[in-house]
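If you're matching them up, the sequences are chains A and B in order. Numbers in this note's numbering are just positions in the first sequence, counted from 1, shifted up by 25. Numbers in this note's numbering are just positions in the second sequence, counted from 1, shifted up by 66. Notes follow once the structure below has been shown.
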Amino acid sequence: MGLLSIIRKIKKKEKEMRILMVGLDNSGKTTIVLKINGEDTSVISPTLGFNIKTITYQKYTLNIWDVGGQRTIRSYWRNYFEQTDGLVWVVDSSDLRRLDDCKMELDNLLKEERLSGASLLIFANKQDIKGALTPAEIAKVLNLDAMDRTRHWEIVGCSAYTGEGLLEGFDWMVQDIASRIYMLD
Amino acid sequence: MEDEENSTHQDQDQALQKKHQLMLERLSARHQTRLETRKPDSPESSATSAFLSRFNDSKKSIDAQLESASDPSRLVDISFTISDLEKLVAENSYLLPSYEIRSSLKTISDLKQSLDNLSSQLIPKKKFSFKNKPTKTQTQTQIPKSDDTVSLPEKTTTNYLFRDSPGLRNKQNQVLVQNFKGSDIGEFTVSDLDSCEVKLVGCVNSLFVNRLKNCKIYAGPVVGSILMEEVEDCVFVLASHQIRIHFAKRSDFYLRVRSRPIIEDSDGLRFAPYCLKYEGIGKDLAAAGLDEETGNWANVDDFKWLRAVQSPNWSVLPEEERVGAVDLLLRAVQSPNWSVLLEEEERLRAVDLADSG
Ligand SMILES: Nc1nc2c(ncn2[C@@H]2O[C@H](COP(=O)(O)OP(=O)(O)OP(=O)(O)O)[C@@H](O)[C@H]2O)c(=O)[nH]1
Ligand SMILES: [Mg+2]
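Following this line, the structure appears as structure tokens:
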């Protein structure tokens, strides 16, 4: 039995899910994680490395890895790919200028074999900002329809400020992961 | 990062090099610990040195396990130990100095690489015949990322700009004024300006600043974040919850920020405290939660600097070289338009008119 399947078995017993949050710097990853955990979001520094939050969500334990998105540390993202059940890609829907960067980094990520089984949730964040692109527009820019057919994905508009959309997104992801991993028992 | 390709008969050589590397790391860790313990009165540094010693102990033990592991059953344990080490870093990431966080990340990355190498030695690879090939043609050829070049990112032109967000763009030698009061503008862009003076009055949610040369930018409080790229020879007076500065050269920043300012791929930057005045700025700052001086203007984190000593890319602007308070005198330009563009002379005339009326 390979290394991964052993680890997967252990995780299965503990009803644990490993969630990786990535996206360009300034997209709102840390704000989303803190908001969903009910913490104060008024003073957040740009993430220098990464943070882990363990959150109980329904009957599951989510280990959320929030990794900094500054260009210099994007090369570390790949350290966190292994055993990822859910991938959350956060987009600043008001940052029109860096949509190219955003698309390129996401495309690169999706080529990763180690992430090929992960459910993909795309958060079109900052919907509260006037002038933000809608989730449909973001989907078009990122060319999500052209994605590999085997990938489970969903795009959800949200605002880490108001909290709108966050639960909807996480609900989808947790259900999707659960149906792949745990319902098989 | 490392060039350790084509290991045919250089295994022994590599093992030696690795030992050497480990020794260097141990030495530098010890040196680091000594440095930290020299300032025993700072609680932060003792927490740091406690972390470092735990980190290094654990790293040494993982190294040893990696070296002695001869059957696949050990791999799982090693993998868990590395995960624990990673958690240790995450738990401490709030109190560690930034260079410690990033060098710990590098170490963990290297350990994982070693584990990967080891597991591919010990477990014969299954052959996957269908890799995830990119099927669509839209994949662009990638320019290999190098770690320490300061060159600008390769930009493809954006062809899906759905709409132009509010902003000031493509001007030269002008004074540009924007009053956010009473507007419902969420994000604002200042880009492609040469030798301009820009005055932004009132609060805005987020500010994007791109490609400026020889400009002066004065702004009221930004409730969210400022993202800045490709500026040179500029002066900025800005208040914001967060600020990220990329590809900036020879510029001065007068800042008030609630979190630590970030610089990346930049040099010749100098920092000083915020010094802007206009009628009603006190209220605006309070509304944005920026009425208190946090001192963070001097806590700059340079992502391109991984060492314990001060980054050469930024410094504190000497007091005698700072401009005094900058007063925007904005009663002059209360136009119904959200953007008023004036040539320098016209602006002066406008100020006269307002003063006499
Ligand atoms: N208006 C608005 N601003 C948001 C929202 N979410 C985050 N922000 C702001 O966006 C900025 C960046 O948020 P962070 O959570 O630090 O972003 P991040 O993705 O973690 O950034 P890195 O750690 O650098 O990768 C902060 O100033 C937040 O206040 C949102 O939904 N609406
Ligand atoms: Mg963050």
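Every residue gets a Cβ at the ideal spot worked out from N, C-alpha and C, and that includes glycine.
Does the distance from the CB of residue i to the CB of residue j come in under 8 angstroms?
| i | j | result |
| --- | --- | --- |
| residue 266 of chain B | residue 240 of chain B | no |
| residue 251 of chain B | residue 104 of chain A | no |
| residue 180 of chain A | residue 206 of chain A | no |
| residue 113 of chain A | residue 44 of chain A | yes |
| residue 48 of chain A | residue 231 of chain B | no |
| residue 253 of chain B | residue 154 of chain A | yes |
| residue 94 of chain A | residue 75 of chain A | no |
| residue 72 of chain A | residue 56 of chain A | no |
| residue 314 of chain B | residue 303 of chain B | no |
| residue 277 of chain B | residue 249 of chain B | no |
| residue 145 of chain B | residue 171 of chain B | no |
| residue 66 of chain B | residue 339 of chain B | The displayed coordinates of chain B run from 67 to 423. Any statement about residue 66 of chain B would go beyond what the structure contains. |
| residue 151 of chain A | residue 110 of chain A | no |
| residue 185 of chain B | residue 141 of chain B | yes |
| residue 145 of chain A | residue 177 of chain A | yes |
| residue 52 of chain A | residue 325 of chain B | no |
| residue 77 of chain A | residue 88 of chain A | yes |
| residue 379 of chain B | residue 335 of chain B | yes |
| residue 54 of chain A | residue 46 of chain A | yes |
| residue 287 of chain B | residue 333 of chain B | no |
| residue 297 of chain B | residue 343 of chain B | no |
To which residues does DSSP link residue i through a beta bridge?
| i | result |
| --- | --- |
| residue 233 of chain B | B:255 |
| residue 337 of chain B | B:319, B:382 |
| residue 312 of chain B | B:295, B:330 |
| residue 77 of chain A | A:90 |
| residue 238 of chain B | B:260 |
| residue 344 of chain B | For residue 344 of chain B, which the question treats as bridged, DSSP gives no partner whatsoever. |
| residue 148 of chain A | A:115, A:181 |
| residue 368 of chain B | B:329 |
| residue 304 of chain B | B:321 |
| residue 285 of chain B | B:266 |
| residue 96 of chain A | Looking at the DSSP assignment, residue 96 of chain A forms no beta bridge with any residue, so it has no partner. |
| residue 274 of chain B | B:255, B:293 |
| residue 252 of chain A | Residue 252 of chain A lies beyond the residue range present for chain A, which begins at 26 and ends at 210; the question has no answer from this structure. |
| residue 279 of chain B | B:260, B:298 |
| residue 392 of chain B | B:342 |
So that I know if they touch, is there some Cβ in chain B lying closer than 8 angstroms to that of residue i?
| i | result |
| --- | --- |
| residue 82 of chain A | no |
| residue 152 of chain A | no |
| residue 144 of chain A | no |
| residue 77 of chain A | yes |
| residue 51 of chain A | yes |
| residue 184 of chain A | no |
| residue 283 of chain A | With chain A covering 26 to 210 only, the question about residue 283 of chain A has no answer from this structure. |
| residue 58 of chain A | no |
| residue 69 of chain A | yes |
Using 8 angstroms as the limit for Cβ to Cβ distance, is residue i near chain A?
| i | result |
| --- | --- |
| residue 253 of chain B | yes |
| residue 321 of chain B | no |
| residue 276 of chain B | yes |
| residue 128 of chain B | no |
| residue 293 of chain B | yes |
| residue 202 of chain B | The predicted position of residue 202 of chain B is uncertain, since its pLDDT is 39 and thus under 50; a value taken from the coordinates is nonetheless stated next. True, the Cβ-Cβ gap to chain A drops below 8 angstroms. |
| residue 271 of chain B | yes |
| residue 232 of chain B | yes |
| residue 156 of chain B | yes |
| residue 186 of chain B | no |
| residue 140 of chain B | no |
| residue 336 of chain B | no |
| residue 120 of chain B | no |
| residue 132 of chain B | no |
| residue 330 of chain B | yes |
| residue 302 of chain B | no |
| residue 299 of chain B | no |
| residue 246 of chain B | no |
| residue 238 of chain B | no |
| residue 346 of chain B | no |
| residue 168 of chain B | yes |
| residue 175 of chain B | yes |
Does the beta-carbon of residue i have 16 or more other beta-carbons within 10 angstroms, so that it is buried, or is it exposed?
| i | result |
| --- | --- |
| residue 204 of chain A | exposed |
| residue 246 of chain B | buried |
| residue 368 of chain B | buried |
| residue 171 of chain A | exposed |
| residue 361 of chain B | exposed |
| residue 199 of chain A | buried |
| residue 134 of chain B | exposed |
| residue 68 of chain A | exposed |
Return yes when at least one heavy atom of ligand 4 lies under 7 angstroms from the C-beta of residue i, else no.
| i | result |
| --- | --- |
| residue 93 of chain A | Because ligand 4 does not appear in the structure shown, any question about it cannot be addressed here, the ligands present being ligand 1 and ligand 2. |
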